[in-house]
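> Take a look at this one; I'll ask things after.
There are 2 protein chains.
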Amino acid sequence: MTLSRKDFLKLTTAAAASAAGGFFSFLDAPAGFAEDVLRSDRVRKIHDHIAKNRQRHIARLQEYLRQPSVSSWGMGIQECAGLLMSYFKRLGCKEVELVRTDGHPGVWAYHDAGAPKTISFYIMYDTQPFDEKEWSSPPLAANVVKLAPFGDVIMARGAVNDKGADAMVFNAMESILEVEGKLPVNIMFTCDGEEEQGSTHFHQVLAPYRDRLKKCNAHLTLGPSQDADGNIRMGLGGKGICSVELVCSGKAWGRGPQNRPIHSSRKAILDSPTWRLIKALNTMVKADGNQILIEGLYDAIRPPNQEELELYNTLIQKFSDRLLVGEKQNAKTWINDWPDAEAVRHLIFDTSLNIDGLWSGYTGPGMATILPDRAAAKLDCRLVPNQEIKPTQDLIRRHLDKHGYSDIEIIPIGGGDEWSQTSVKAPVVQSVVSVYREYGIEPAIWPREAGSSPMAQYTRPPLSLPAADGGLGHGDRAHSHDEFIVIEGNDKVAGIVRAEQSYVDILYAYANWPG
Amino acid sequence: MTLSRKDFLKLTTAAAASAAGGFFSFLDAPAGFAEDVLRSDRVRKIHDHIAKNRQRHIARLQEYLRQPSVSSWGMGIQECAGLLMSYFKRLGCKEVELVRTDGHPGVWAYHDAGAPKTISFYIMYDTQPFDEKEWSSPPLAANVVKLAPFGDVIMARGAVNDKGADAMVFNAMESILEVEGKLPVNIMFTCDGEEEQGSTHFHQVLAPYRDRLKKCNAHLTLGPSQDADGNIRMGLGGKGICSVELVCSGKAWGRGPQNRPIHSSRKAILDSPTWRLIKALNTMVKADGNQILIEGLYDAIRPPNQEELELYNTLIQKFSDRLLVGEKQNAKTWINDWPDAEAVRHLIFDTSLNIDGLWSGYTGPGMATILPDRAAAKLDCRLVPNQEIKPTQDLIRRHLDKHGYSDIEIIPIGGGDEWSQTSVKAPVVQSVVSVYREYGIEPAIWPREAGSSPMAQYTRPPLSLPAADGGLGHGDRAHSHDEFIVIEGNDKVAGIVRAEQSYVDILYAYANWPG
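Here the protein sequences come in this chain order: A and B. Numbers in the working numbering are just positions in the first sequence, counted from 1, shifted up by 15. Numbers in the working numbering are just positions in the second sequence, counted from 1, shifted up by 15.
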């Protein structure tokens, strides 16, 4: 069943539920799968090995976190790439290569286990910067400290985003090797040293290995995915993002101040590029600031399909109390005072046009009486299937031209993440879910997250890999001070041992999933 | 003859000229005035005295300029106020007082010459900051250097704006005292140490002396007023300025992000204060960005009167080649491709609504994907008689309310300069013009400048003083590096001697003008 966009937007939540034909139900592992794989002796031995090596595994997190790798400062990047390469060698990767780019280098590594299945694995080895005086424990010390209600945690820049998390994954893989001698899947690692700067050159890391990566069966991201209450939210993809800067200048317009601002008293005789930008932006959305008036912008959107509607319906019926908790901390009400279910529907299925930045003239305290010679706005349009970045830019151009603003320049910004989506039926997704269920966790599965990521570089042609991410564990305060990853854990949130064990489970689940 | 605004705006330039009844002609000194006053032995002796003391006068400029007084850095302010007070004592002022304010102090001084007429005289003793490495001669050295085509100049911060200029005036006044023993007029000096910071506290300097200042007959500003070609432009007043900041926040609106920006992917479910500000601003002007749609904003404007039309007409007919020379350096064309005469008409007689600054969200390089919780704009509305600041703010408030934007906050900014205007018939204006004519210069007289100044604090009630400014001499690059004042001069531009002589002339002209 598919709905036209118009029909879809007319649906009430109740109607959407019935249109979806009840709860989503096709998430079931093959008969005996848990016993044969997840509870097998082989996996239990690896679990035990992890528990026994807890101290050594904690030390590994500390070693990786104590090596700085702040991409925006250029701090420790080469050294961290070297350390990462040594980890891949310890994992028995025969190919470990530093990949030069126009920015910080990437890393390629390949572990050939002689296994039937091959996964693609993305690693970012850089971190955000830090202001040490804001931290309660030094960001490069990676100390084990107490943090209620989680018990011991490691506090460090990169603890959860992503170096600490990746070190836990390396621990898990090494444990498999130490017990079994080989991994259950082959792994191609592609690593980014500029994630925190927008992964500007990451395509240069992928390019030389694209043909190799085509041999992968799936793209898998392991890491701590629980929230503070132990709940799991899975996103099967993300929206695309078309980011542009609109620049209106007197120079390009041929009117108003030409090369620099002019005294504001001259507004009596001079046109204003700033007023012009406001008039141009005004044509792009309706009075509510929400409905987009760029002609054709909604046309490429395909209606939600049956699977998406079922996933949506399940979210609304089973997880309604925690779907928008984070968003509510900084918002009183949704657009049009929508109920949460309606908001979730738009978050998943709707495009949006946002002003991320806007500026002209003097923006400091007090007044500077100037008539600015230019004004600019940064906009982002979130794209749902089948909206694409380039055609969206073209629609904006056509809209501005049609309204007489041919002089307003459109400058594309950002790496250009297209939308990305994997079917819930993909084995890589199903295996992750089967592990969650083994731990008694029912994940809230979003057919699509509202955010954007470079994941499309793996999931869209030419690679077209199904992708999933998951694993137990918890960390928080990425990009902020006192970033941490949980080591001890509690009855809701996994500590380092259970988290690493869950990564082993997922690898074995995927290796053994039929198909 | 007066015209309605509507009729006035319909006038072609030619019609305006004929409506004004030909050239302006009532600028004539009383019979024999030049011989009796400007060429009198008394004045000639003072001229000679100035010529003889040229070196000492130059040293005085250097002394004052070498004393720093950068108000924004708080550098040398107290010391400069002290030096200024010593100058007033040398001028025989019996009252010399430092006036405390909530900012930098002002100075009050009164020279009682026992003369029939009293003038009010404004002095600013602070300067802009400077970046020494940009200067070809150190900004605090006040060296005499060669600068073509003017010969010797003094290069220093404050050389022309205004300390060097004021030192020349003090030289001129001292010369009168040294020759005559007393000045031809009494003078009340009110001095500002924060002009370069917007004269925020200057009303606190005036307040204690307001009743004294009411006894003045006129407000006179002496200083170098020639451009590089020796031409003189006189402005008989300025427009008022109503400056406001409009702030649209999610908090005040009760919608969208409340306390901080939120991830821009949430635009799909959240309203945007930035789009709202754009929609609100959009209602304030027509599509051209020029015609103001704030209801009632044009209502208070009185049509140009006969004197203004005659002055305007004279400007157009006699000075058309140099009226807008400065403006043309940074502008290709005026609004609606007006001819210059039409532009001048709007510059003098029209109100305007300008966006001086506009900002929201992230304005740095690249992209930060945020939905901002606030957006703001700085606007200034230039006011012509009889528009006033407070009623204009009220009209903006009413407009926003009427269009449903009651939540958008209006924050008044700036000192609040009202419009100011003196009739060309005022004796203080006529005496200045008579001196120019004595030197063979026909001034271009603008009934009103497009800019704004705190002059209204003297010219509007309660003081209601007629005001004029003038004098020979030239300087340039105020606020920029290599600021200078001409010492030597050439056949077009007066050097220090002729400039100081012209200030003496103006004082005697005004003292002896009938009425």
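Glycine included, every Cβ here is placed at the ideal spot set by N, Cα and C.
Going by Cα to Cα distance, which pick from B:H119, B:D303, B:G255 and B:Q402 is closest to E464 of chain B?
What you label residue 464 of chain B is simply residue 449 of the second sequence in a count that begins at 1. Nearest option by C-alpha distance: B:G255.
> Closer than 8 angstroms, CB to CB, is V300 of chain A near chain B or not?
Here residue 300 of chain A is taken as the residue at index 285 of the first sequence, counted from 1. So, interface residue.
> What does DSSP give as the partner residue(s) for K393 of chain A in the beta ladder?
The residue given as residue 393 of chain A occupies position 378 in the first sequence. Partner(s): A:E260 and A:G372.
> For Q219 of chain B, which residues from the same chain have a beta carbon less than 6 angstroms from its beta carbon, with the 5 sequence-adjacent residues on both sides left out?
What you label residue 219 of chain B is simply residue 204 of the second sequence in a count that begins at 1. The answer, listed in chain order, is T116.
> Quick one: is A524 of chain B buried, meaning 16 or more other Cβ sit within 10 Å of its Cβ, or exposed?
Here the question's residue 524 of chain B lines up with position 509 in the second sequence. Buried: at least 16 other Cβ atoms inside 10 Å.
> DSSP three-state call for Y137 of chain B: helix, strand or coil?
Along the second sequence, one-based indexing puts residue 137 of chain B at 122. Strand at Y137 of chain B.
> Should A233 of chain B and V512 of chain B be called a contact, given that it needs their Cβ atoms to be closer than 8 angstroms?
Within the second sequence, the letter at position 218 stands for residue 233 of chain B. Within the second sequence, the letter at position 497 stands for residue 512 of chain B. Not closer than 8 angstroms, so no.
> Starting from Y125 of chain B, trace the beta strand (DSSP E) both ways and give me its first and last residue.
Within the second sequence, residue 125 of chain B is the residue found at index 110, counting from 1. Run containing Y125 of chain B: G121 to H126, per the beta strand (DSSP E) assignment.
> In chain order, what residues of the same chain have a beta carbon less than 6 angstroms from the beta carbon of Q273 of chain B, not counting five sequence neighbours either side?
Along the second sequence, one-based indexing puts residue 273 of chain B at 258. So the list reads G265 and K266, once near-sequence residues are dropped.
> Give the straight-line distance between the Cα atoms of S214 of chain A and H414 of chain B, rounded to the nearest whole angstrom.
Within the first sequence, numbered from 1, the residue matching residue 214 of chain A stands at position 199. Within the second sequence, numbered from 1, the residue matching residue 414 of chain B stands at position 399. For S214 of chain A and H414 of chain B, the distance between alpha carbons rounds to 46 angstroms.
> Using the C-alpha atoms, what's the distance from H361 of chain A back to L312 of chain A?
The count along the first sequence starts at 1 and reaches residue 312 of chain A at position 297. The count along the first sequence starts at 1 and reaches residue 361 of chain A at position 346. Computed Cα separation, rounded: 16 angstroms.
> Does A577 of chain B pass the burial test, meaning 16 or more other C-beta atoms within 10 Å, or should it be called exposed?
The structure shown does not extend to residue 577 of chain B, since chain B is modelled only from 16 through 530, so no value can be given for it.
> Can you tell me which of B:P319, B:W150, B:K393 and B:I316 puts its alpha carbon nearest to the alpha carbon of E424 of chain B?
Counting from 1 along the second sequence, the entry for residue 424 of chain B is found at position 409. Answer by Cα proximity: B:K393.
> Which residues of chain A have a Cβ atom closer than 9 angstroms to the Cβ of I426 of chain B, listed in chain order?
Within the second sequence, numbered from 1, the residue matching residue 426 of chain B stands at position 411. Per Cβ cutoff of 9 angstroms: no residues; I426 of chain B is ~11 angstroms from chain A at best.
> What in chain A is Cβ-close to W349 of chain B, meaning under 7 angstroms?
Counting from 1 along the second sequence, the entry for residue 349 of chain B is found at position 334. The answer, in chain order, is I284 and L285.
> Looking at the unbroken beta strand (DSSP E) that takes in N176 of chain B, where does it start and where does it end?
Reading the second sequence from its first residue, position 161 is the one you call residue 176 of chain B. Annotation: N176 of chain B is outside any beta strand (DSSP E) and is labelled neither H nor E by DSSP.
> With DSSP as the reference, please indicate the residues paired to N274 of chain A in a beta bridge.
Stepping through the first sequence from its first residue, residue 274 of chain A is reached at position 259. N274 of chain A pairs with nothing; no bridge assigned.
> Measure the alpha-carbon distance for S421 of chain B versus V259 of chain B and round it to whole angstroms.
Numbered from 1 along the second sequence, position 406 holds the residue referred to as residue 421 of chain B. Numbered from 1 along the second sequence, position 244 holds the residue referred to as residue 259 of chain B. For S421 of chain B and V259 of chain B, the distance between alpha carbons rounds to 15 angstroms.
> Give the straight-line distance between the Cα atoms of L285 of chain B and M299 of chain A, rounded to the nearest whole angstrom.
In the second sequence, residue 285 of chain B corresponds to position 270, counting from 1. In the first sequence, residue 299 of chain A corresponds to position 284, counting from 1. Going from the Cα of L285 of chain B to the Cα of M299 of chain A covers about 17 angstroms.
> Flag this pair as touching only if the region 339-346 of chain B and the region 469-480 of chain B have three or more C-beta atom pairs under 8 angstroms; answer yes or no.
Output reads no: the region 469-480 of chain B does not touch the region 339-346 of chain B.
> Can you tell me whether E50 of chain B is buried or exposed, with buried defined as 16 or more other CB within 10 angstroms of its CB?
Your numbering for residue 50 of chain B matches position 35 in the second sequence. Label assigned to E50 of chain B: exposed.
> For D226 of chain B, name the three-state secondary structure that DSSP assigns.
Position 211 of the second sequence holds residue 226 of chain B. The answer is helix: DSSP assigns D226 of chain B an H, G or I state.
> Please list, in chain order, the chain B residues whose beta carbon lies closer than 7 angstroms to that of K294 of chain A.
Looking up residue 294 of chain A in the first sequence gives position 279. The CB of K294 of chain A comes closer than 7 angstroms to the CB of N297, A302 and G304 in chain B, given here in chain order.
> Hey, out of A:G250, A:D43 and A:R291, whose CA is closest to G269 of chain A's CA?
Residue numbering aside, residue 269 of chain A sits at position 254 when the first sequence is read from its first letter. Nearest C-alpha to G269 of chain A: A:R291.
> Could you please give me the residues that DSSP links to C108 of chain A through a beta bridge?
Residue 108 of chain A sits at position 93 when you count from the first residue of the first sequence. For C108 of chain A, which the question treats as bridged, DSSP gives no partner whatsoever.
> Find the residues of chain A that neighbour P272 of chain B, judging by a C-beta separation of less than 7 angstroms, and give them in chain order.
Start at 1 with the first residue of the second sequence, and residue 272 of chain B comes out as number 257. Per Cβ cutoff of 7 angstroms: N345 and A346.
> Smallest Cα separation from S468 of chain B: which of A:F136, A:I92, A:S280 and A:A493?
Position 453 of the second sequence, counting from 1, holds the residue named residue 468 of chain B. Cα-wise, what sits closest to S468 of chain B is A:S280.
> Leaving out the 5 sequence neighbours to the left and right, which residues in its chain are closer than 7 angstroms to C231 of chain A when beta-carbon positions are compared?
Locating residue 231 of chain A in the first sequence gives position 216, where the first residue counts as 1. For C231 of chain A, same chain residues with a beta-carbon under 7 angstroms away, outside a window of 5 residues either side, are T133, I134, S135, M203 and L480 in chain order.
> How about E310 of chain B and L398 of chain B: are their beta carbons less than 8 angstroms apart?
Working through the second sequence from its first residue, we reach residue 310 of chain B at position 295. Working through the second sequence from its first residue, we reach residue 398 of chain B at position 383. Cβ atoms of E310 of chain B and L398 of chain B: not closer than 8 angstroms.
> Report the residue ranges of all alpha helix (DSSP H) runs contained in full by the region 303-388 of chain B; include only those spanning at least 4 residues, in chain order.
If we require 4 residues or more, the alpha helix (DSSP H) runs fully inside the region 303-388 of chain B come out as 321-334, 340-343 and 355-364.
> Alpha carbons only, please: which of A:N246, A:G510, A:E323 and A:A156 is nearest the one belonging to H72 of chain A?
Locating residue 72 of chain A in the first sequence gives position 57, where the first residue counts as 1. H72 of chain A has its Cα closest to that of A:G510, out of A:N246, A:G510, A:E323 and A:A156.
> For a quick check, are the C-beta atoms of Q82 of chain A and L98 of chain A less than 8 angstroms apart?
One-based indexing of the first sequence puts residue 82 of chain A at position 67. One-based indexing of the first sequence puts residue 98 of chain A at position 83. The answer is yes: Cβ separation under 8 angstroms.
> What in chain A is Cβ-close to I521 of chain B, meaning under 9 angstroms?
Sequence index remark: in the second sequence, residue 521 of chain B carries index 506 (1-based). Neighbours of I521 of chain B on chain A: none; closest Cβ ~27 angstroms, over 9 angstroms.
> Per DSSP, D491 of chain B forms a beta bridge with which residues?
On the second sequence, position 476 is the one that residue 491 of chain B refers to. Bridge partners of D491 of chain B: B:F499.
> In the DSSP assignment, find the beta strand (DSSP E) that holds A483 of chain A and state where it starts and stops.
Position 468 of the first sequence holds residue 483 of chain A. Taken as a continuous stretch (DSSP letters only), the beta strand (DSSP E) holding A483 of chain A covers A482 to G485.
> With DSSP collapsed to three states, give me the class of D409 of chain B.
Taking the first residue of the second sequence as 1, we reach residue 409 of chain B at position 394. Of the three classes helix, strand and coil, the one that applies to D409 of chain B here is helix, per DSSP.
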